[in-house]
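Numbering (full-length UniProt numbering), first residue to last: 1 to 478. Yeah, the Cβ is synthetic: ideal placement off N, Cα and C, and Gly gets one too.
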Amino acid sequence: MTAKLIRELGAGVGVALPEVRVTGEDPVLPSVFPLGTMAAASAGALTAAVAAYAARTGENGAEGPGGRQPSRGAHGDPDVTIDVRHAAVAFQSERHFRADGKAVDGWAPLSGDYGTSDGWVRLHCNFDHHRDAALRALGLPPGSGRAAPCREDVGRACADRTAVEIEEAVIREGGCAAAMRSRAEWLAHPQARALADLPLVGVSRLPDGGGQASGDGLPAGPERPLGGVRVLDLTRVIAGPVAARALAAYGADVLRVGAAHLPEVPGLVVETAFGKRSCHIDLRSEADKLRELVRQADVVIQAYRPGALRARGFGPDDLAALRPGIVCVDISAYGTRGRWASRRGFDSLVQMACGIAHENGDGRRPSPLPAQALDHGAGHLAAFGAVAALLRRAAEGGSWHVEVSLARTAAWLDDLGRIDMAGMRQPRVEDLLATMDSPFGTLTYVTPPGAIDGARPHWTSPPPRQGEHPAAWWAPTS
1 MTAKLIRELG AGVGVALPEV RVTGEDPVLP SVFPLGTMAA ASAGALTAAV
51 AAYAARTGEN GAEGPGGRQP SRGAHGDPDV TIDVRHAAVA FQSERHFRAD
101 GKAVDGWAPL SGDYGTSDGW VRLHCNFDHH RDAALRALGL PPGSGRAAPC
151 REDVGRACAD RTAVEIEEAV IREGGCAAAM RSRAEWLAHP QARALADLPL
201 VGVSRLPDGG GQASGDGLPA GPERPLGGVR VLDLTRVIAG PVAARALAAY
251 GADVLRVGAA HLPEVPGLVV ETAFGKRSCH IDLRSEADKL RELVRQADVV
301 IQAYRPGALR ARGFGPDDLA ALRPGIVCVD ISAYGTRGRW ASRRGFDSLV
351 QMACGIAHEN GDGRRPSPLP AQALDHGAGH LAAFGAVAAL LRRAAEGGSW
401 HVEVSLARTA AWLDDLGRID MAGMRQPRVE DLLATMDSPF GTLTYVTPPG
451 AIDGARPHWT SPPPRQGEHP AAWWAPTS
């Protein structure tokens, strides 16, 4: 099934992928949803796309993975493999991450599920301004100082109101919340219908005034399959950072652009920053710095709400005008169509809204997946879409737009069916972990899944400190 899904993903974006040899099968993680299949298909599709990219650069005289001419199977294809258990554990990467033996604490005190008069609602309060928006919506004082509300205060404020009433009130205040819906309730929702006709990975050509010569834009370094590909990572919180981190594992030059005034979840920033460099640009006063980076980039990944960057002059059309041949990757929570297109969202909220948290448990209270699978799935699909667009650019020219969303990824997971999780426990992980010294201590992390001709993706540098590097690309090496 997994190999078939990978073929379908390739057909959906218009690229021919080499066959992928899949080892292992579900069940892997304790869930009624086939998370191992989902993980292996999305990570396997990325691996296959990178193999196709490496083969093309090899045809143009560059070396393949590992600094050698790529080997070929009986039919001339690279040997591409993906292991289901490895992919599934990679989807839990933040759960297994340790810095000097300490785990990541990714949740703020008020984030979580709360009982309502008719069910459950989830509040996402990891950023202070989202926390305060939720408190305003509930008629509670701001969340700082000695008199700050505690979980019991929030629970009491939720108990007498309906889940949807709280969801809408929090959204109006600029916060993040989701009522728990059943699968049937979500499928009947207008936003689910708005997403129904969207592709899982949208890849479309952008207008660019100057055009792009066919075959342009296949940079290749001497050792890594994506060596020479420059990626701007404008994202925060799992899905986008995972996409850029996955590209870095295959040798892309990834520059993460943040800003000192933007809130972060510190542990997650570190865990998703392997292989990247990090700079700070304040778009309120330094937009020209970002424009200069875009002019020399191959891929830009962003996960702001739809339209947010366009309002600052960095929409896909703007980027294509700055850099004909750019690949723009947009990641959203609920897609770019429908009433919820501009709604803030995170993996845990989309699981609630789309019926996953309802069905994964007993239906009486929410039970989240044993992984941030929508984030990791969308992240790997976004990275896959980026490489597919680079292949399309090389073959057809032009600038390209890639779109994925957590909600559309959730619909894909729903379509994969259900499995029997009786007696299923967490998988063995020790053989999938590695360590690396860093400015944050000794890091223990999950290695990236997949292999091409026996060469595995890997990161050559530890996570940097935020804003550690200048806003500039590495100088090319001879």
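Q: Put Met-352 into one of helix, strand or coil per three-state DSSP.
A: helix
Q. When the Cα of Pro-78 is compared with those of Ala-88, Asn-126, Glu-19, which residue comes out closest?
A. Glu-19
Q: Give a yes or no on contact between the stretch 4–15 and the stretch 349–356, applying the rule of three or more CB pairs nearer than 8 Å.
A: no
Q. What's the C-alpha gap between Gly-119 and Val-164?
A. 9 Å
Q | Pro-464 classed as buried or exposed, judged by whether at least 16 other C-beta atoms fall within 10 angstroms | A | buried
Q. If we count Cβ pairs, one from each stretch, closer than 8 Å, do we get three or more for the stretch 135–147 versus the stretch 178–196?
A. no
Q. Cys-328 lies in the beta strand (DSSP E); which residues open and close that run?
A. 327–332
Q. What is the residue span of the alpha helix (DSSP H) that Arg-277 lies within?
A. Note, Arg-277: premise wrong, no alpha helix (DSSP H); beta strand (DSSP E) at 276–280.
Q) Based on the DSSP output, what are the partners of Met-38 in its beta bridges? A) Met-38 pairs with nothing; no bridge assigned.
Q. Going straight from the alpha carbon of Ala-239 to that of Leu-268, what length do you get?
A. Distance between the alpha carbons of Ala-239 and Leu-268 is about 11 Å.
**Q.** Given Thr-162 as reference, the closest of Leu-200, Glu-152, Arg-122 once Cα atoms are compared
**A.** Nearest C-alpha to Thr-162: Arg-122.
Q) Is the stretch 453–460 in contact with the stretch 278–297, if contact means three or more CB pairs nearer than 8 Å? A) no
Q: Figure out for me which residue from Arg-151, Ala-311, Ile-356, Ala-243 has the closest Cα to the Cα of Gly-417.
A: Looking at the Cα atoms, Ile-356 is the closest of the given residues.
(Q) So, with DSSP's three-state summary, where would you put Arg-98? (A) strand
Q: Thinking Arg-95 and Ala-394 are a contact (beta carbons under 8 Å), I'd like their distance in whole angstroms, please.
A: Not quite, the Cβ-Cβ distance comes to about 37 Å (not below 8 Å), so this is no contact.
Q: Decide if His-380 is buried, meaning its Cβ has at least 16 other Cβ atoms within 10 Å, or exposed.
A: buried
**Q.** Reference Thr-409; option with closest CA among Gly-450, Val-446, Leu-374
**A.** The closest CA to that of Thr-409, considering only Gly-450, Val-446, Leu-374, is found on Leu-374.
Q) If you drop the 5 nearest sequence neighbours on each side, which residues of the same chain put their C-beta closer than 7 Å to that of Ile-6? A) Answer for Ile-6: Leu-17, Val-20, Ala-41, Gly-44, Ala-45, Ala-48, listed in chain order.
Q: On a CA-only basis, which of Ala-260, Val-329, Ala-246, Ala-297 is nearest Val-231? Give me that one, please.
A: Ala-297
Q: Have a look at the DSSP bridge pairing and note the partners of His-401.
A: His-401 is bridged to Ser-204, Cys-328.
Q. Gly-377 by DSSP, collapsed to three states: which one?
A. helix
Q: Determine which residues share a DSSP beta bridge with Met-436 and list them.
A: Leu-443
Q.
Out of Val-203, Gly-155, Val-329, which one is the CA nearest neighbour of Leu-234?
A. Val-329
**Q.** Ordered list of alpha helix (DSSP H) runs contained in the stretch 252–318, each at least 4 residues
**A.** 266–271, 287–295
Q | Residue closest to Glu-223, alpha-carbon to alpha-carbon, out of Glu-396, Val-242, Ala-252 | A | Ala-252
Q) If we ignore side chains and look at the alpha-carbon of each, how far apart do Gly-61 and Ala-389 end up? A) Since pLDDT at Gly-61 reaches only 42, below the 50 mark, its modelled position is unreliable, and the value read off the structure follows with that caveat. Cα-Cα distance, rounded: 21 Å.
Q. Around the C-beta of Glu-152, are 16 or more other C-beta atoms found within 10 angstroms, so that it is buried, or is it exposed?
A. Glu-152 counts as exposed, since fewer than 16 other beta carbons sit within 10 angstroms of its beta carbon.
Q: Out of Gly-36, Val-22, Ala-248, state which residue places its alpha-carbon closest to the alpha-carbon of Met-421.
A: Gly-36
Q) Are the beta-carbon atoms belonging to Leu-413 and Ala-378 less than 8 Å from one another? A) no
Q.
Taking the straight line between their C-alpha atoms, what separation do you get for Gly-472 and Gly-441?
A. The amino acid at residue 472 is misidentified as Gly; the sequence shows Ala. Their backbone Cα atoms lie some 26 Å apart in a straight line.
**Q.** Buried versus exposed call for Leu-307 [16 or more other C-beta atoms within 10 Å across all chains shown]
**A.** In the sequence as presented, Leu is not what sits at residue 307; that position holds Gly. Answer is exposed; the Cβ neighbour count stays below 16.
Q. Which residue's Cα is closest to the Cα of Glu-173: Ala-475, Asp-132, Arg-277?
A. Comparing alpha-carbon positions, the option among Ala-475, Asp-132, Arg-277 lying closest to Glu-173 turns out to be Asp-132.
Q | Coil, strand or helix - Val-231 by DSSP | A | strand
Q: Check each candidate in Pro-368, Leu-198, Arg-344 and name the one with the smallest Cα separation from Gly-175.
A: Arg-344
(Q) Restricting to Cα atoms, I'd like to know which of Asp-26, Met-38, Val-203, Gly-155 is closest to Ala-11. (A) Each of Asp-26, Met-38, Val-203, Gly-155 was checked against the Cα of Ala-11, and the nearest Cα belongs to Val-203.
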